[in-house]
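Enquirer:
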Amino acid sequence: MGTGKLTSSDTPASKGAMVAIPESSAPTRAEFHAAIAARADRWYAACLRITRSPELAEDALQDALLSAWDKRGQFQHGARLDTWIHRIAVNAALQLLRRQRPGMFTVLDFDVADETPSAEDARYADELNGRLDAALARLTDVERVCFLLKHLEQWRLTEIADEIEGNVSTVKQAVFRAVRKLRGAMPVLARAES
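Residue numbers (the numbering used here): 1 to 194.
Put into structure tokens, the structure is as follows:
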């Protein structure tokens, strides 16, 4: 296959398979469509967790996809296309929050397996997601964003600090407070970690 970059394909026979993106060219329309078909739900879920608003999440994802398409020439072939767009989507959600709530950050990531879960596992996951969403809703915006970027989006503390225009100490404190509040709100998780 050469030295091309790999990305998800949306062909029925190879759903989730990887296709090469040549090193010398920007991602094509077909490659973008394949990435969107394979990952749009995950990008939307990340935006929704950050914004807590379906409308803002949709706007963030639309802004992200337009931005990614406009900047496709900047795509670095050392990264996966879907990961690159995911990062743009998270940044778009954060930008919308900043516009909605100026000064929000001045005070101071999860992938689902591709395997189909059993009915019992799906029910448990739905219950857990509902409890997690309710617990996340009790966090301040700064705590929630820092927690999500650190633990779900796997950002480094310095990256989060840069994004919220704060410092690493502020991010550490926000993540610590978020984890403490989430453990208190979800004792089942706190016991599972012990």
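For glycine and all other residues, C-beta sits at the position ideal for the given N, C-alpha and C.
As the structure is a computational prediction, the values presented were derived from the model and not from experiment.
#1: Do the stretch 88–102 and the stretch 48–57 touch if we need at least three Cβ pairs shorter than 8 angstroms?
#2: DSSP three-state call for K71: helix, strand or coil?
#3: From the DSSP output, in three-state form, read off A57 for me.
#4: Can you have a look at T83 and say buried or exposed, based on whether 16 or more other CB atoms are within 10 angstroms of its CB?
#5: By the 10 Å Cβ neighbour count, where 16 or more other Cβ atoms means buried, how is E31 classified, buried or exposed?
#6: Can you give, in chain order, each stretch of the beta strand (DSSP E) that sits fully within the stretch 116–164 and has at least 3 residues?
#7: Residues in the same chain with beta-carbon distance under 6 angstroms from W155, minus the five sequence neighbours each way, listed in chain order, please.
#8: Please state the DSSP three-state secondary structure of A26.
#9: Between C146, C47, L182 and W43, which lies nearest to E165 when the distance is taken from Cα to Cα?
#10: Specify the secondary structure class of H77 as computed by DSSP and reduced to three states.
#11: Buried or exposed: P187, going by 16 or more other Cβ atoms within 10 Å of its Cβ?
#12: Under 8 angstroms, with one C-beta from each stretch per pair, do the stretch 117–130 and the stretch 70–82 reach the 3-pair mark?
#13: Who are the near neighbours of E143 in its chain, counting only those whose CB is closer than 8 angstroms to its CB and skipping five residues on each side?
#14: Considering Cα atoms alone, identify which of R49, R123 and R39 is closest to D133.
#15: Taking the C-alpha atoms as reference points, what is the distance between D162 and T170?
#16: Using 8 angstroms for Cβ pairs, my map puts A89 next to A46. What's the rounded Cβ distance?
#17: Mapping DSSP to helix, strand and coil, what is G166?
#18: Return the CA-CA distance between E127 and D121, expressed in angstroms with no decimal places.
Expert: Result, derived from the coordinates:
#1: Proximity of the stretch 88–102 to the stretch 48–57 meets the contact definition, three or more beta-carbon pairs being nearer than 8 angstroms.
#2: Judged by DSSP in its simplified three-state form, K71 adopts coil rather than helix or strand.
#3: In this structure, DSSP gives A57 a helical state, which the three-state scheme calls helix.
#4: Exposed, because fewer than 16 other Cβ atoms sit within 10 Å of the Cβ of T83.
#5: Around the beta-carbon of E31, 16 or more other beta-carbon atoms lie within 10 Å, marking it buried.
#6: None, since the stretch 116–164 contains no complete beta strand (DSSP E) of that length.
#7: Beyond the five residues adjoining it in sequence on each side, W155 comes within less than 6 angstroms, by CB distance, of L149 in the same chain, given in chain order.
#8: A26: coil per DSSP, three-state reduction.
#9: Comparing Cα positions, the closest option is C146.
#10: H77 falls in the coil class under three-state DSSP.
#11: It is exposed - the Cβ of P187 has fewer than 16 other Cβ atoms within 10 Å.
#12: These segments do not touch.
#13: Only A174, V175, R177, A178 and K181 meet the Cβ criterion.
#14: Checked all of R49, R123 and R39; the closest Cα to D133 is R49.
#15: Taking the straight line from one Cα to the other gives about 11 angstroms.
#16: Sure, about 6 angstroms apart at Cβ, within 8 angstroms.
#17: Assigned with DSSP and collapsed to three states, G166 falls in coil, not helix or strand.
#18: Approximately 10 angstroms between the Cα atoms of the pair.
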